[in-house]
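Okay, so here's the structure we're looking at.
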Amino acid sequence: MDYSFSPLGDQAIVIEVGQEISEEAQNQVRTVSQLLESRPPHWLVEIIPAFTTVAVFYNSLSAGYETVEAELKELLQQTEEVAASEARTVEIPVCYGGEFGPDLAFVAEHNGLAPEEVIRIHTSGTYSVHMIGFAPGFPFIGGMSEKIAAPRRDSPRLRIPERTVGIAGKQTGIYPIETPGGWQLIGRTPMRLFQPENTVPSLLRAGDKIVFKKITESEYHAWKEEDDAENY
Amino acid sequence: MLKIIKSGLQTTVQDLGRYGFQKYGVIASGAMDPYAHRLANLLVGNEENAATLEITLVGPVIEFERDIFIALCGGDLSPKIDGKKVDTWRPLAVKGGSRLSFGAPISGCRCYLAVSGGISVPEVMNSRSTYLRAEIGGFHGRALKADDLVEANPTPAWQLAAFEKASSKETDWKVPAPHYSVEPVVRMMKGRQYDLFDEESQENIFADFFFVSSNSDRMGYRLEGTPLSLEEPAELISEAVAFGSIQVPADGNPIVLLADRQTTGGYPKIGQVASVDLPLVSQLKPGDRLRFEEITLEESQRLWAEQEQKIRQLRISIQLKWEEWK
């Protein structure tokens, strides 16, 4: 693999694995992340994986930039040993339309489709989580069919409830916490994406695969009750 | 126990931040001026990471329910105990029933109140810092309001024993306070996308004064100056940002990302504030201005190590002072 290194201020270094968003870059980001987490150097503070980069935050009092870069280069020689690990697939149940997805009709109309067709396309793809960012547990998801792409709303909503599934441009996403936003809302999942009480507070991780599954409103409520009971 | 009589503009519980969870999109938070936070804790005999109250511009009114040592470090917001002006950057023995209040800001805009034992709130993801947007951490995930009762951990016995002596004797020492200018020179390293900016912008970032706009908060400071522009439009792929990253959105006005920054960003980063100079930025108020000066990565790391050495020495001097009170 080819990497380039550059400083992000005086406490972090960025490992760049490619110049374009791709499946390959994503696999490399996952591999580098796993390697750093399974064999953490003594100066490591934390990492932030993104589409084509892994930012490595270090304690500059324990090791200066040159040392960190040299040790990372050495560590990255070992990527082949960990590259075997497979991506997880997480199924996200979604109750589409109605009160949960007020913009489903708009997305359908915009693409000249029936709402049912939008749901069929949304649930038939396999998606990858490129990065968690923007909000706690918020996945940047790649892989949505352009047939259901839709522009953002002209004026953003002030409140989008947590767990809402939406579409913006060629992307689909899920809001883990209540936030303002301009996405077209197509449904809601009963799953909690942000779980601050857990050691791993995010349901999804960079590198995961996801599939969406259509559920009914009563299934949604049953699932959510169970999920909430487990977590509180 | 601290009883909040008035909330002030924005008073939140902070420590040195929530690290290890940014990969899950969980922001770091923590004190905007980590140096002042650390010193305030050391002055009252706490660990540097103990939770303090971050007080912003317009201070709260707080009643202490029992005898306690406190320290106020950071900006000078004219603190008073029972109406009498008190000094910052030193330990203060405060009698139970006393009220802490603030007046006009003299310098800076953020002051850290450390209490002996530390502010007691539950840890969330290894940190006591308030994460306002996710409503977690700190005091019920929010800024303090009137009538809140905030717990302090017990004052250690060795300090209580010193209380009479310390309160009867006017303490005549303090640790040196940094100079919080209203137009500081802030050292910055060139950012990862510095080369994407046009030649003029590459020069202007180091030549111009930039004003702090009113649209500035714990997440970031929006600066206003001659707009900066890229040599040619570029679609960047989002990547991690850090405390002090200077990113430039399409309008050309730089934003310095601070304690409550998002974990990642898609705007080009023209620079990165040297860690030692972050407090100079965090203490600026809207309307203040700053100028950037280039620093190399090596120099920046050297200054950071030097400051660490200085803090270690201060820690020892503070311990010796406490010995005198025993």
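Chains as they are written, first to last, in the numbering used here: chain U, 1 to 232; chain D, 1001 to 1326.
Think of the CB as a built atom: it goes at the ideal place given N, C-alpha and C, for glycine as much as any other residue.
Ranked by how close their Cα comes to the Cα of Tyr-1180 of chain D, the residues D:Leu-1278, D:Phe-1209, D:Ala-1071, D:Ala-1162 have D:Leu-1278 in first place. Linking Glu-1323 of chain D to Asp-1198 of chain D through their CA atoms gives a straight-line distance of about 58 Å. Taking a contact to require three or more Cβ pairs closer than 8 Å, the stretch 1027-1045 of chain D and the stretch 1060-1074 of chain D qualify as touching.
Using a CB distance below 9 Å, the part of the stretch 163-176 of chain U facing chain D consists of Pro-176, ordered along the chain.
Boundaries of the beta strand (DSSP E) harbouring Ile-1255 of chain D: 1255-1257, taken from the DSSP string.
The beta carbons of Gly-173 of chain U and Ile-186 of chain U sit no closer together than 8 Å. Contacts with chain U at 8 Å (Cβ-Cβ) include Phe-1021 of chain D.
Look at Glu-1151 of chain D: its C-beta is not under 8 Å from any C-beta on chain U. Runs of alpha helix (DSSP H) with 4 or more residues, each lying fully within the stretch 1134-1178 of chain D, are found at 1157-1168, listed in chain order. Annotation: Cβ neighbours of Tyr-65 of chain U in chain D (cutoff 9 Å, chain order): Leu-1297, Glu-1298, Gln-1301. Following the DSSP letters along the chain, one finds Pro-180 of chain U in no alpha helix (DSSP H) but inside the beta strand (DSSP E) bounded by residues 179-181.
In the three-state scheme derived from DSSP, where H, G and I count as helix and E and B as strand, Gln-1283 of chain D is classed as coil. Using a 10 angstroms sphere on the CB of Lys-1190 of chain D, the tally of other CB atoms reaches 16 or more, which defines it as buried.
Not a single C-beta of chain U is nearer than 8 Å to the C-beta of Ala-1161 of chain D. Along the length of the stretch 45-88 of chain U, whole alpha helix (DSSP H) runs at least 4 residues long occupy 65-76, 79-82, reported in chain order. Residues of chain D with a Cβ closer than 7 Å to the Cβ of Gln-28 of chain U do not exist; the shortest Cβ-Cβ separation is about 14 Å. Annotation for Gln-1247 of chain D: the continuous beta strand (DSSP E) segment containing it runs 1245-1247. Assigned with DSSP and collapsed to three states, Phe-106 of chain U falls in helix. Less than 8 Å divides the Cβ of Asp-1260 of chain D from the Cβ of Ile-1027 of chain D.
In the displayed model, Ala-1250 of chain D falls within coil according to three-state DSSP, outside both helix and strand.
Across the set D:Glu-1239, D:Trp-1158, D:Glu-1224, the C-alpha of D:Trp-1158 shows the shortest separation from the C-alpha of Trp-1325 of chain D. At a cut-off of 8 Å between beta-carbon atoms, Ala-1143 of chain D makes no contact with chain U. At a cut-off of 4 residues, the continuous stretches assigned as alpha helix (DSSP H) that sit fully inside the stretch 1188-1231 of chain D are 1199-1207.
Put simply, the CB of Tyr-1221 of chain D is far from chain U, with every gap to its CB atoms at 8 Å or more. At least one CB atom of chain U sits nearer than 8 Å to the CB of Ile-1237 of chain D. Residue-level contact check: Thr-31 of chain U does not touch chain D, since none of the beta carbons of chain D fall below 8 Å from its beta carbon. The beta-carbon separation of Arg-157 of chain U and Gly-181 of chain U, rounded to 6 Å, stays under the 8 Å limit for a contact.
Residue environment: Val-211 of chain U is assigned as exposed (fewer than 16 neighbouring CB atoms within 10 Å of its CB, all protein chains considered). Of all residues in the stretch 42-55 of chain U, only Val-45, Glu-46, Ile-47, Ile-48, Pro-49, Ala-50, Phe-51, Thr-52, Thr-53, Ala-55 place a beta-carbon less than 7 Å from a beta-carbon of chain D. When secondary structure is reduced to three states using DSSP, Ala-25 of chain U falls in the helix class. The continuous stretches of beta strand (DSSP E) do not include Glu-1306 of chain D, which lies in the alpha helix (DSSP H) extending over residues 1297-1325. For the stretch 133-148 of chain U, the set of residues with a beta-carbon nearer than 8 Å to any beta-carbon of chain D comprises Gly-133, Phe-134, Ala-135, Pro-136, Gly-137, Phe-138, Phe-140, in chain order. Out of D:Gly-1075, D:Val-1273, D:Glu-1293, D:Ala-1177, the CA that lies nearest to the CA of Ser-1107 of chain D is found in D:Gly-1075. Around Gln-11 of chain U, the same chain offers Val-45, Phe-57, Tyr-58, Asn-59, Ser-60 as residues with beta carbons nearer than 8 Å, after the five sequence neighbours per side are excluded. In terms of beta-carbon proximity, Gln-1193 of chain D stays away from the interface with chain U, with every pair separated by 8 Å or more. Excluding its 5 nearest sequence neighbours in each direction, Asn-1153 of chain D has C-beta neighbours in its own chain below 6 Å: Gly-1117, Gly-1118, Ser-1120, listed in chain order.
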